[in-house]
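Counting in full-length UniProt numbering, the sequence shown runs from 1 upward without gaps. Glycine included, C-beta positions come from ideal geometry on N, C-alpha and C. Since we're looking at a predicted model, the values are computed, not measured.
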Amino acid sequence: MSQTPPPDTTAPADGGGYDAYAIQQKWQARWAESDPFRAGGTGDSRPRKYVLGMFPYPSGDLHMGHAENYAYVDVVARFWRHRGYNVLNPIGWDSFGLPAENAAIQRGADPREWTYANIEQHKRSFREYGSSYDWSRILHTSDPEYYRWNQWLFQLLYERGLAYRKESPVNWCPNDQTVLANEQVVDGHCERCGAEVVKKKLTQWYFKITDYADRLLDDLNQLEGFWPQKVIRMQRNWIGRSVGADIDFEIEGHPEKVTVFSTRPDTLHGATFMVVAPDSDLAAELASGSSAEVRMRFQDYLTNVGRSSEIERQSTDRPKTGVFLERWAINPINGERLPIWAADYVLADYGHGAVMAVPAHDQRDLDFARAFDLPIKVVVDTTAPITGAIPVIELDENGEPSESALEESLADIDPARTGIALTGDGRMINSGSLDGLSKRHAIARITEELAAAGTGRASKSYRLRDWLISRQRFWGTPIPMIHTQDGRIVPVPADQLPLTLPDAEGLDLTPKGTSPLGGATEWMTTTDPETGEPALRDADTMDTFVDSSWYFLRFLTPNDADEAFSTAEAAKWAPVDSYIGGVEHAILHLLYARFITKVLFDAGLVDFTEPFSSLVNQGMVLLGGSKMSKSKGNLVEFSASMREPGADAVRTAIAFAGPVEDDINWEDVSTTGAQKFLARAWRVAHDVQSDPDVVWAEGDESLRRVTHRLLADAPSLVEQTKFNVVVARLMELVNATRKAIDSGPGKADPAVREAAEVTAMVLDLFAPHTAEEMWETLGYEPFVGLVPWRAPDPTLLVEDTVTAVVQIDGKVRATLEVSARIDAKDLEALARADARVQRALAGREITRTVVRPPKVVSFSTN
Numbered sequence: 001m002s003q004t005p006p007p008d009t010t011a012p013a014d015g016g017g018y019d020a021y022a023i024q025q026k027w028q029a030r031w032a033e034s035d036p037f038r039a040g041g042t043g044d045s046r047p048r049k050y051v052l053g054m055f056p057y058p059s060g061d062l063h064m065g066h067a068e069n070y071a072y073v074d075v076v077a078r079f080w081r082h083r084g085y086n087v088l089n090p091i092g093w094d095s096f097g098l099p100a101e102n103a104a105i106q107r108g109a110d111p112r113e114w115t116y117a118n119i120e121q122h123k124r125s126f127r128e129y130g131s132s133y134d135w136s137r138i139l140h141t142s143d144p145e146y147y148r149w150n151q152w153l154f155q156l157l158y159e160r161g162l163a164y165r166k167e168s169p170v171n172w173c174p175n176d177q178t179v180l181a182n183e184q185v186v187d188g189h190c191e192r193c194g195a196e197v198v199k200k201k202l203t204q205w206y207f208k209i210t211d212y213a214d215r216l217l218d219d220l221n222q223l224e225g226f227w228p229q230k231v232i233r234m235q236r237n238w239i240g241r242s243v244g245a246d247i248d249f250e251i252e253g254h255p256e257k258v259t260v261f262s263t264r265p266d267t268l269h270g271a272t273f274m275v276v277a278p279d280s281d282l283a284a285e286l287a288s289g290s291s292a293e294v295r296m297r298f299q300d301y302l303t304n305v306g307r308s309s310e311i312e313r314q315s316t317d318r319p320k321t322g323v324f325l326e327r328w329a330i331n332p333i334n335g336e337r338l339p340i341w342a343a344d345y346v347l348a349d350y351g352h353g354a355v356m357a358v359p360a361h362d363q364r365d366l367d368f369a370r371a372f373d374l375p376i377k378v379v380v381d382t383t384a385p386i387t388g389a390i391p392v393i394e395l396d397e398n399g400e401p402s403e404s405a406l407e408e409s410l411a412d413i414d415p416a417r418t419g420i421a422l423t424g425d426g427r428m429i430n431s432g433s434l435d436g437l438s439k440r441h442a443i444a445r446i447t448e449e450l451a452a453a454g455t456g457r458a459s460k461s462y463r464l465r466d467w468l469i470s471r472q473r474f475w476g477t478p479i480p481m482i483h484t485q486d487g488r489i490v491p492v493p494a495d496q497l498p499l500t501l502p503d504a505e506g507l508d509l510t511p512k513g514t515s516p517l518g519g520a521t522e523w524m525t526t527t528d529p530e531t532g533e534p535a536l537r538d539a540d541t542m543d544t545f546v547d548s549s550w551y552f553l554r555f556l557t558p559n560d561a562d563e564a565f566s567t568a569e570a571a572k573w574a575p576v577d578s579y580i581g582g583v584e585h586a587i588l589h590l591l592y593a594r595f596i597t598k599v600l601f602d603a604g605l606v607d608f609t610e611p612f613s614s615l616v617n618q619g620m621v622l623l624g625g626s627k628m629s630k631s632k633g634n635l636v637e638f639s640a641s642m643r644e645p646g647a648d649a650v651r652t653a654i655a656f657a658g659p660v661e662d663d664i665n666w667e668d669v670s671t672t673g674a675q676k677f678l679a680r681a682w683r684v685a686h687d688v689q690s691d692p693d694v695v696w697a698e699g700d701e702s703l704r705r706v707t708h709r710l711l712a713d714a715p716s717l718v719e720q721t722k723f724n725v726v727v728a729r730l731m732e733l734v735n736a737t738r739k740a741i742d743s744g745p746g747k748a749d750p751a752v753r754e755a756a757e758v759t760a761m762v763l764d765l766f767a768p769h770t771a772e773e774m775w776e777t778l779g780y781e782p783f784v785g786l787v788p789w790r791a792p793d794p795t796l797l798v799e800d801t802v803t804a805v806v807q808i809d810g811k812v813r814a815t816l817e818v819s820a821r822i823d824a825k826d827l828e829a830l831a832r833a834d835a836r837v838q839r840a841l842a843g844r845e846i847t848r849t850v851v852r853p854p855k856v857v858s859f860s861t862n
């Protein structure tokens, strides 16, 4: 239980004895004793809902950004319980990772101590917040009981050919001294610490996510309408499928052909040089066969390139640099010799690390060609229409467009002169058999010709790269592989899992470019499971995004010692029905979770291909106009924020602050206003003087209409995550009830009791402690959080009167209160007879009348 001291505050005047702290303590103790929110087991026949918030990282106490997320999670979970569902709403901690290790280094402590102390603080905060979790399903990813199954998952991918080790240029954080996946580099900097990322060549473990690129892209269609469009668009862009052709070029003096991917194989006749990535193996091989002077220039250039991030290298406004390698490629379509350059605007891991440069029709190629005085050849006439006939221009004696005519038509847009590449569609020129064809037909024709000649084929390329999962840090899942003396790499035997981390005591955890595990000599030493000879463990740990890629499945059977998760329970509960968290995970976590789900589907372990059926992204909570951040000291801590107004006031204020997806400024969130509202609601329950068995239908009809409109409208508002509107409607109901008590039929009216009971039930979504106290005050047993949603009376939803608008020539001239069931004839008559309408007409003749009962009458006079 929380040890937060009671607030030294005076309850609002209209709330009487409303004591938020005492109410919190009372109901938190009751919930802890009864555990009312545990998901039902096998015998529970209710339909199921799996509601999940993205689980937190235990870096100190929670802050108000977390408070927002977990308030929304609880609203959804409580709502579905009221709607009659068996709800699974678990909580766990993403407890491996760099922040814990860095904090431990600063304190000279074991990362375990810091991590688990923070988790205990989180638990206290969550209980104080009134979160309706199933506390029997807690998990921590840093527990051996959890990360054993990370290791099982790694070996599953390895067995399926989806985990491999290779040497390649990687993103390197010089501050944290570890590698980063492409997705963890933001604008050229480490997403964790902000240090500028550099390239470094290392041998690392990868998951082959690119094997699933098409499915990851195409299956986004399943999520249309259920995920935010922004997230779907970001995932599509990140995967970045391009369709084109692989083209094989011979290299003079090089034994192997070089394959280039191009989305515009139709422009092959316009290729005037080739560019290779300077940090690719191909560039090194080609440079090695060049002169000593070129080799020296190349090495100097490669050193400079290593200081630039991929973002910088891809910048369009950056001056083009490069080194001519004194090597030549042969264009397979026309036999022309193309000079080969190494230039940093080509990346080693895009396509095949080499591009055919067509400067007339690609801006980066054009900029490079102009910088180094390379040929520019136009092969697409962008002035020609792409449908119908070629435009009428001067023809030669063979009936073909003359060269002079073509030159004249293109003179004004010549890229060599303008510096602007011709990237639009048009008709092919200077391209042999392709001349006159449109882009689409030219691509098809050239692809066929390349395939027939054995020098190319249709192909696809992706922006997506394989997932680099090695990390040179201590606090993570050990990679369960063994390196033998004869160079083999073999899995740790299953009966030896989990391969647990050694004790941190005595290890130097300071980032230094190699894993601290390498210093644990006894731990590193093992035996070859096949020969019994001495062998070494893998010294790296796994990216923590592996931990979070499948945790939603472990929640189904978190204490199972025999399997990662129960396939039977997965069939019952998964996929997650409502997943709630920040948009900052739009690419990283969500993409990886989708990939692992598809792998598990292919392995026959789950019967679905997408992990999260519905996704809700909340906005950020800002302080001083900036996102709350512990590292920047810019935050309001979770527990501190609840000391004076109480948890219910914080939850209600957050829900009322604005639409879920919008950012909110903490300075604008009125917890004082929310506390006053809750006190008024609490007071209403205490003022009720009728018995629980009173007949509601005998109560005041106008108040009952407000009550039943809320009952009818709230479900769709919650499902649309319009939580702020629901709170506003609750305030409207409390005000209407207060008015009925103070100046209407009075405290004993049955409608007042009905309104108070509905207020308590709906208020449970936002302020559960206050709602439980109201429910008990009204004479009922706990818990209001389990009360079925009441059905609205349809007769009370029919409006007796509505406001009809009367327009004259498009301008509103009068409004009329009329019966909701008025017919067109009577509505028109009332409108014509209205004095305001008569004055506005000023004797003009009505030439046209449109009547849409019961709300609109439109007269035209001209």
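Going by the CB atoms, is the gap between residue j and residue i shorter than 9 Å?
| i | j | result |
| --- | --- | --- |
| Arg327 | Ile247 | no |
| Ala342 | Leu286 | yes |
| Pro788 | Arg38 | no |
| Val73 | Asn86 | no |
| Val752 | Val695 | no |
| Ala593 | Phe552 | yes |
| Pro415 | Val378 | yes |
| Ala360 | Phe368 | no |
| Thr567 | Val606 | yes |
| Pro611 | Pro659 | no |
| Gly306 | Val198 | yes |
From the DSSP output, in three-state form, read off residue i for me.
| i | result |
| --- | --- |
| Glu312 | helix |
| Thr279 | The question names Thr, but residue 279 is Asp in the sequence shown. Asp279 falls in the coil class under three-state DSSP. |
| His122 | helix |
| Met481 | strand |
| Val734 | helix |
| His269 | helix |
| Gly53 | strand |
| Asn89 | coil |
| Asp248 | strand |
| Thr387 | The pLDDT assigned to Thr387 is 47, lower than 50, so where the model puts this residue is not dependable; a value taken from the coordinates is nonetheless given after this. Looking at Thr387 - three-state DSSP - the assignment turns out to be coil, as it is neither helix nor strand. |
| Met774 | helix |
| Asn617 | strand |
| Gln3 | For Gln3, the predicted structure reports a pLDDT of 38, less than 50, and the residue's modelled location is therefore unreliable. A value from the coordinates is still provided. If DSSP states are grouped into helix, strand and coil, Gln3 belongs with coil. |
| Trp696 | helix |
Can you tell me whether residue i is buried or exposed? The criterion is at least 16 other CB atoms within 10 Å of its CB, across all chains shown.
| i | result |
| --- | --- |
| Thr759 | buried |
| Gly419 | exposed |
| Val812 | exposed |
| Asn118 | buried |
| Leu816 | buried |
| Asn331 | buried |
| Gly850 | Sequence check: residue 850 is Val here, not Gly. With fewer than 16 Cβ atoms within 10 Å of its Cβ, Val850 is classed as exposed. |
| Asn617 | buried |
| Val492 | buried |
| Arg463 | exposed |
Taking only runs of the beta strand (DSSP E) that begin and end inside the segment 415-466, which ones reach a length of at least 3 residues, in chain order? 456-461
Assess, as a yes-or-no matter, whether the segment 470-478 is touched by the segment 93-105 under the definition of 3 or more beta carbon pairs within less than 8 Å. yes
Whether or not the segment 50-61 and the segment 800-810 are in contact is what I'm after, with contact meaning three or more pairs of Cβ atoms, one per stretch, closer than 8 Å; do they touch? no
Measuring CB atoms only, is the segment 699-710 touching the segment 640-650, in the sense that at least three cross pairs come out at less than 8 Å? no
Are the segment 697-704 and the segment 592-611 in contact at 8 Å, needing three or more beta carbon pairs? no
As an exercise, report each continuous beta strand (DSSP E) stretch of at least 3 residues that is fully enclosed by the UniProt domain "Methionyl/Leucyl tRNA synthetase" (53-196), in chain order. 86-88, 163-173, 178-180
Measuring CB atoms only, is the segment 728-736 touching the segment 32-46, in the sense that at least three cross pairs come out at less than 8 Å? no
Closer than 8 Å is the cut-off here; do at least three beta carbon pairs connect the segment 515-522 with the segment 531-546? yes
Decide yes or no for the touch test of the segment 742-749 against the segment 783-798: beta carbon pairs closer than 8 Å, at least 3 of them. no
Flag this pair as touching only if the segment 271-289 and the segment 253-260 have three or more C-beta atom pairs under 8 Å; answer yes or no. yes
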